[in-house]
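Participant:
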Amino acid sequence: MGIQKKDFEIVCISDEDLDRFLNRRFFNFPTFYTDITLRTHLETALVKANELVPSNAGSILLDDPLEKNSGTLSQYLYFITAFGEMASKIVGKKIPANKGIAGEVYTRGVSYLSDDPQKDSLFFKDMDEELDYSTKSLIAVPIRIGKKICGVLELVNRVEGSKYSSKDLQILEIFADYISLSIENALDAKFAQELAKKDDLTGLYNDRFLHIKLSMLVKKSLASNEDLSLAFLDLDDFKLINDSFGHLVGSKVLKEIGWILRKISNEYGLVAARYGGDEFVIIMPEVHLERAREIAEFIRQTISSTELVIDSHGKKIPIKGLTASLGVTSLQSLILEEAAETLKDQLLRFADFAMYQAKERGKNTVIVASVNK
Numbered sequence: 090m091g092i093q094k095k096d097f098e099i100v101c102i103s104d105e106d107l108d109r110f111l112n113r114r115f116f117n118f119p120t121f122y123t124d125i126t127l128r129t130h131l132e133t134a135l136v137k138a139n140e141l142v143p144s145n146a147g148s149i150l151l152d153d154p155l156e157k158n159s160g161t162l163s164q165y166l167y168f169i170t171a172f173g174e175m176a177s178k179i180v181g182k183k184i185p186a187n188k189g190i191a192g193e194v195y196t197r198g199v200s201y202l203s204d205d206p207q208k209d210s211l212f213f214k215d216m217d218e219e220l221d222y223s224t225k226s227l228i229a230v231p232i233r234i235g236k237k238i239c240g241v242l243e244l245v246n247r248v249e250g251s252k253y254s255s256k257d258l259q260i261l262e263i264f265a266d267y268i269s270l271s272i273e274n275a276l277d278a279k280f281a282q283e284l285a286k287k288d289d290l291t292g293l294y295n296d297r298f299l300h301i302k303l304s305m306l307v308k309k310s311l312a313s314n315e316d317l318s319l320a321f322l323d324l325d326d327f328k329l330i331n332d333s334f335g336h337l338v339g340s341k342v343l344k345e346i347g348w349i350l351r352k353i354s355n356e357y358g359l360v361a362a363r364y365g366g367d368e369f370v371i372i373m374p375e376v377h378l379e380r381a382r383e384i385a386e387f388i389r390q391t392i393s394s395t396e397l398v399i400d401s402h403g404k405k406i407p408i409k410g411l412t413a414s415l416g417v418t419s420l421q422s423l424i425l426e427e428a429a430e431t432l433k434d435q436l437l438r439f440a441d442f443a444m445y446q447a448k449e450r451g452k453n454t455v456i457v458a459s460v461n462k
């Protein structure tokens with residue numbers, strides 16, 4: 090549900106979808122589990138912006154942190170929240186980050202005012218044509234977190250057909266600073282909560298939170314009769330890296346593996362945790378055993394095909410041939426006449442056992458453990 094304000098409604102993407110857009114700040118941690126507070130920050134920002142500069146429509150567009158490489162901008166801007174007659178149709182859509190007025194504001198970091206967008210060479214007409222909408226005037230300002238641009242605030246069609254003024258632009262620029270601070274404060278609050286769940290080195294969840302999360306997901310799976318899969322991953326011959334290059338290089342390798350697992354987890358909706366040392370656990374909610382095997386195989390191939398280059402005291406050290414062994418099991422492949430907490434331990438035990446089988450069969454492979462045939 091959106092925030093009601095007079096005769097319009099603020100529409101926002103779901104909390105689940107909002108997660109990935111809040112995976113930012115100056116830290117490189119995995120997805121935040123958002124709550125209604127973060128959504129409210131964004132929705133309230135649009136309400137306040139409209140109060141300051143009354144408009145028929147407006148939106149907040151954010152980039153996707155996972156699409157951004159170091160020092161580069163995102164490829165797309167996503168409509169996160171909006172109001173106006175087309176709000177429900179536009180939220181969740183994306184536009185190229187280097188096109189249109191929004192793209193100009195995002196890439197250059199400058200505000201923009203257009204009295205007649207239809208004649209403006211920068212205006213991106215595709216969205217109007219898709220929605221059968223007419224943008225008659227537009228004002229847009231960049232949104233920053235710290236010094237980095239993360240999105241754009243747009244207001245469209247000033248009320249009663251009037252044009253936006255330079256004063257409107259100044260007001261909105263000042264307000265954009267408030268939005269940035271509001272988002273930062275919300276992220277800082279969430280970050281403090283999340284920090285206790287994280288492994289300091291890899292940024293993945295720690296083993297303490299793994300057990301809590303796994304217990305919750307097992308109970309949810311039993312209640313919904315959905316399967317739940319789990320993979321146990323161990324890096325092959327990792328001790329050789331420590332022995333050859335030192336523990337500092339080994340730690341940086343683990344950090345890179347954490348980045349790979351975070352990226353894949355975000356893509357597939359998984360929960361990855363560092364179990365200890367060079368061992369990792371990947372929870373796969375609502376994933377059946379065969380699909381879990383496919384995902385585990387993709388993880389294995391990704392690790393084995395990735396050549397890591399580790400910076401050690403200014404020297405570049407290539408790490409080639411790093412592989413991993415994975416054991417996979419699922420809830421419905423086990424005997425289900427057990428309590429939820431026991432099943433959680435069973436999942437870990439069977440996946441761990443399968444991983445050791447993978448080691449015995451030559452390493453760099455995926456083994457599936459299943460009781461029910």
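Just so you know, we're using this note's numbering here: the sequence shown kicks off at 90 and counts up by one. Don't be surprised by glycine CBs; every beta carbon is placed ideally from N, CA and C.
(1) List, from N- to C-terminal side, the beta strand (DSSP E) runs of 3 residues or more that fit wholly inside the region 205-236.
(2) Taking 6 Å as the limit between beta carbons, can you name the residues of its chain near R363, skipping five residues before and five after?
(3) When you compare only the Cα positions, how much space is there between D204 and V245?
(4) Less than 8 Å between the CB atoms is what I'm expecting for I349 and L359, so what's the real figure, rounded?
(5) Going by CA-CA distance only, name the one from E345, I388 and G366 that's closest to Y357.
(6) Rounded to the nearest angstrom, what separates L420 and S414 at their Cα positions?
(7) Taking only the alpha-carbon atoms, compute the straight-line gap between T463 and L378 and give it to the nearest angstrom.
(8) Just the Cα atoms here: how many angstroms apart are S271 and L131?
(9) Is the CB-CB distance between A320 and G451 below 8 Å?
(10) Quick check on DSSP: helix, strand or coil for N453?
(11) Drop a sphere of 10 angstroms on the beta-carbon of K236, count the other beta-carbons inside from all chains shown, and report buried for 16 or more, exposed for fewer.
(12) Nearest to D106 by CA position, among L437, V230, L432 and K182, is which residue?
(13) Can a CB atom of chain B be found closer than 8 Å to the CB of K236?
(14) Less than 8 Å between the beta carbons of I190 and A229, yes or no?
(15) Around the Cβ of D124, are there at least 16 other Cβ atoms within 10 angstroms (buried) or fewer (exposed)?
(16) I'd like the list of long-range same chain contacts for F172, defined as Cβ closer than 6 Å, with 5 residues on each side in sequence excluded.
(17) In three-state DSSP terms, what is D257?
(18) Exposed or buried, what is S210 when buried is set at 16 or more other beta-carbons lying within 10 Å of its beta-carbon?
(19) What's the C-alpha gap between E243 and P154?
(20) Counting only the same chain and skipping the five closest in sequence on each side, list residues whose C-beta sits under 8 Å from that of E156.
(21) If we ignore side chains and look at the alpha-carbon of each, how far apart do F168 and A186 end up?
(22) Among T418, G198 and E430, which one has its Cα closest to the Cα of D266?
(23) Quick test of your reading: L202 and Y253, contact by CB under 8 Å. State the CB separation rounded to the nearest angstrom.
(24) What number of angstroms, rounded off, separates the C-alpha of E273 from the C-alpha of P143?
(25) So, under 8 Å CB-CB, D326 and M444 are touching, yes? Tell me the CB distance rounded to an integer number of Å.
Facilitator: So, from the data block:
(1) Within the region 205-236, the complete beta strand (DSSP E) runs of at least 3 residues are 227-234.
(2) Close CB contacts of R363 within its chain, under the 6 Å cut and outside five residues either way in sequence, are with D288, T291, L293 and F369 (chain order).
(3) So the two alpha carbons sit approximately 10 Å from each other.
(4) Not really, about 12 Å apart at Cβ, beyond 8 Å.
(5) Out of E345, I388 and G366, I388 has the C-alpha closest to the C-alpha of Y357.
(6) When rounded, the separation of the alpha-carbon atoms in L420 and S414 is 21 Å.
(7) Residue 463 lies beyond the residue range present for the chain, which begins at 90 and ends at 462; the question has no answer from this structure.
(8) One C-alpha to the other measures close to 8 Å.
(9) Going by C-beta atoms, A320 is not nearer than 8 Å to G451.
(10) N453 falls in the coil class under three-state DSSP.
(11) A residue is called buried once 16 or more other Cβ atoms fall within 10 Å of its Cβ, and K236, having fewer, is exposed.
(12) Nearest C-alpha to D106 among L437, V230, L432 and K182: K182.
(13) Annotation note: the requested chain B is absent from the structure, which comprises a single protein chain.
(14) Cβ distance < 8 Å, so I190 and A229 count as in contact.
(15) Model confidence at D124 stands at a pLDDT of 45, short of 50, so the residue's coordinates are unreliable and nothing is read from them.
(16) For F172, where only same-chain residues beyond five positions count, the Cβ hits under 6 Å are F97, I99, L135 and G147.
(17) Looking at D257 - three-state DSSP - the assignment turns out to be helix.
(18) Looking at its Cβ environment, which holds fewer than 16 other Cβ atoms inside 10 Å, S210 is exposed.
(19) Roughly 20 Å separates the two Cα atoms.
(20) Taken in chain order, the residues that qualify are S163, Q164 and Y165.
(21) Going by C-alpha positions, F168 is about 12 Å away from A186.
(22) Considering only alpha carbons, the answer is G198.
(23) With a Cβ gap of about 5 Å, L202 and Y253 count as contacting.
(24) E273 and P143: Cα-Cα distance of roughly 25 Å.
(25) The Cβ separation is near 14 Å, so there is no contact.
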